[in-house]
Every structure is written in C-alpha cells, then in structure tokens.
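Below is one structure; the comments refer to it alone.
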Amino acid sequence: MISSCSVLPGDSLFGKSANEVFDDKKVVSLVNLAMRHNEMGVKQEIGSGADINSSGQRGMTPLIWAIVKRDPEAVSLLLKLGANPNFYQEQPNGTIGLAPPVFLAASAGESKILRLLLEHGGAPGTEHNEVSALMHTLDAQHYDCAEILLAHGADINFTSGASELSAFIKAASVGYYDRALWILNHGYTHRMDLAQRALLQKTSKVRPGQEEYREKVLKFVADYLAQHPAKQSKNKDAR
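Converting from the sequence shown to our numbering requires adding 281 to each position, the first position being numbered 1.
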C-alpha cells in the first residue's frame, strides 16, 4: 500500500475493505471485480448503474483504490472503462481527504501506474494542498516518476502559494543539494537571484556528503546569473 509517500501515511482507511469504504453495493462489487481484473464483470456493474467515478470515505474512488493497492492492471481496466484520472473530491473543512490520482501515483513511485494515468489524460501539473505532484515526488526521491511528469509537461518552476516555495528552494533549504542540482539540470530558472542569496546564507544547511553538490549548485546558479544579467536586473527592479 501507499504509505510514507502518500498524503495519509499509515492511514487506517487503507486497511479497510471496499465494503467499509463505499456505501453503494454496486460500487463495492465493481471495485472487487476490478481488483480481480474481471473486465466483463465491471462492465456489467456499470451497465446496471454503478458509477465508476463514485466516491466513498474521504474521496476514495475505485481508481484511487486500485492505485493504493498498487495494481496497474486494475488501474488500466478502470481507465479503459471510463474512470476519470483527474477526479478528486474536495472534502469539508476539517476532513482530511485523499490526494488526486496523479499526485498519489507519482509520489508513491508507481511509474507504471503514473504512465497509465497520464496516457489517459491525467494532469501532470496536479496539485494538492498547494504542492505540485512533481514537488512531492522529488521530496520522495522518485526521480523516475519526476522524469515522467516533466516529459508530460509538469512545470519544474512551480511555486507554492504566497511563499513562492519551489522544489529547488525546498531541497536546498533542507540540505539536499544533490536533489537541488538535479532540479537545476532539468530546467529550473525561477528567481535565481533569490536562490543564490538563500544558498549563501550562513544558516544554509549542509548535510553529510552534500558539500560537493552544494559547490556545484552554487557554481550553476552563479554561471546562470552571469549569462542572464538582464533577468537578474529585472528581478531586482521587481522587488
């Protein structure tokens, strides 16, 4: 099951049966048939009125159920029969909901499932709680999934909310300079002047084994700013 990489690590919801999560018995049957890869059975349930995009507790859907169970064949079957790869139900205030399908699959390192979702129209720029799927995936160090998201159009320069927190700033601020360098090498260019100042702060954290990467990151940023003086000046004027 999805655990440390999900929005709900160790959540008791993931240990429940479909019967406990979905109220509609037809949907329960649909979910169980999908997990047995019974396409004909799923089609029959849909024909009898089962909603393939129905949601149960905290926004659980048949598709998210298959993702949580790490079953690409079930995911493929559900997508083929009409499951929406972008369906996500907002929860009432105070209720912790599940993340959208693309976010869950990518941040859990499920590359095969992620590809299926994106091939069926899943949004590579999916966000949850002002964090992009790409940012959360990089936090979890699933670089293969990050590559897939980028190849499908995810924005490496995404910033979160008013704080403008980016994947690069987040990685550098906690001392993961190898990750920060990866992000730079994949096209990150957002406010490089601010990035440089953050890197040069005395409080900048350096983890064991990261000093070499930090020096490479500093050089990369300095070289970029030297090559783009106009952009640096524009950023200064904007402050």
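We put the beta carbon where it would ideally sit given N, CA and C, even for glycine.
If you're wondering where the values come from, they're calculated on a predicted model, not measured in any experiment.
Return the Cβ separation of residue i and residue j in integer angstroms, given the expectation that the two are a contact with Cβ distance under 8 Å.
i, j, result
"residue 406", "residue 379", "With 8 Å as the limit, residue 406 and residue 379 do not qualify as a contact, their Cβ atoms being about 18 Å apart."
"residue 358", "residue 423", "Rounded, the Cβ-Cβ distance is 24 Å, inconsistent with contact."
"residue 409", "residue 431", "The Cβ separation is near 18 Å, so there is no contact."
"residue 452", "residue 480", "Not a contact, Cβ separation roughly 11 Å."
"residue 362", "residue 324", "7 Å"
"residue 435", "residue 449", "That pair is no contact at about 14 Å."
"residue 399", "residue 429", "7 Å"
So residue i is in the alpha helix (DSSP H); what residue range does that whole segment cover?
i, result
"residue 223", "Any property of residue 223 remains undetermined from this structure, which presents the chain solely from 282 to 520."
"residue 474", "473 to 481"
"residue 425", "424 to 432"
"residue 495", "492 to 508"
"residue 454", "448 to 454"
"residue 459", "458 to 466"
"residue 232", "Coverage of the chain is limited to positions 282 through 520, which leaves residue 232 absent and any answer about it impossible."
"residue 419", "414 to 420"
"residue 323", "320 to 328"
"residue 404", "It is not in any alpha helix (DSSP H) - residue 404 carries neither H nor E in the DSSP assignment."
"residue 302", "299 to 302"
Between residue i and chain D, is there a C-beta pair that is closer than 8 Å?
i, result
"residue 510", "Any reference to chain D falls outside this structure, which holds one protein chain only."
Please work out which residues of its chain come closer than 6 Å, Cβ to Cβ, to residue i, disregarding the five sequence neighbours upstream and downstream, and give them in chain order.
i, result
"residue 304", "none"
"residue 413", "439"
"residue 471", "438 and 447"
"residue 302", "337, 338 and 341"
"residue 473", "502, 505 and 506"
"residue 331", "307, 308 and 311"
"residue 326", "307, 310 and 311"
"residue 477", "502"
"residue 495", "458 and 487"
"residue 346", "312"
"residue 498", "458, 461 and 462"
"residue 425", "392"
"residue 401", "360 and 366"
"residue 300", "309"
"residue 316", "355"
Within its chain, find whatever has a CB closer than 7 Å to the CB of residue i; leave out the 5 residues flanking it on each side and keep chain order.
i, result
"residue 427", "415, 418 and 419"
"residue 394", "348, 353, 356 and 386"
"residue 456", "486, 487, 488 and 491"
"residue 442", "411"
"residue 322", "314"
"residue 384", "407, 409, 414 and 417"
"residue 397", "353, 356, 357 and 360"
By the 10 Å Cβ neighbour count, where 16 or more other Cβ atoms means buried, how is residue i classified, buried or exposed?
i, result
"residue 391", "buried"
"residue 510", "exposed"
"residue 403", "buried"
"residue 444", "exposed"
"residue 521", "The requested residue 521 does not occur in the structure, where the chain is confined to residues 282 to 520."
"residue 329", "exposed"
"residue 500", "exposed"
Please list, in chain order, all residues of the same chain as residue i whose beta carbon is under 8 Å from its beta carbon, the five residues on each side excluded.
i, result
"residue 334", "342, 343, 344, 363, 364, 365 and 368"
"residue 469", "437, 438, 447, 448 and 449"
"residue 372", "339, 340 and 378"
Open item on the list: Ignoring anything shorter than 4 residues, give me the alpha helix (DSSP H) runs that lie fully in the region 349 to 393, in order along the chain.
Closed with: Entirely contained in the region 349 to 393, the alpha helix (DSSP H) runs reaching 4 residues are, in chain order, 353 to 361 and 382 to 388.
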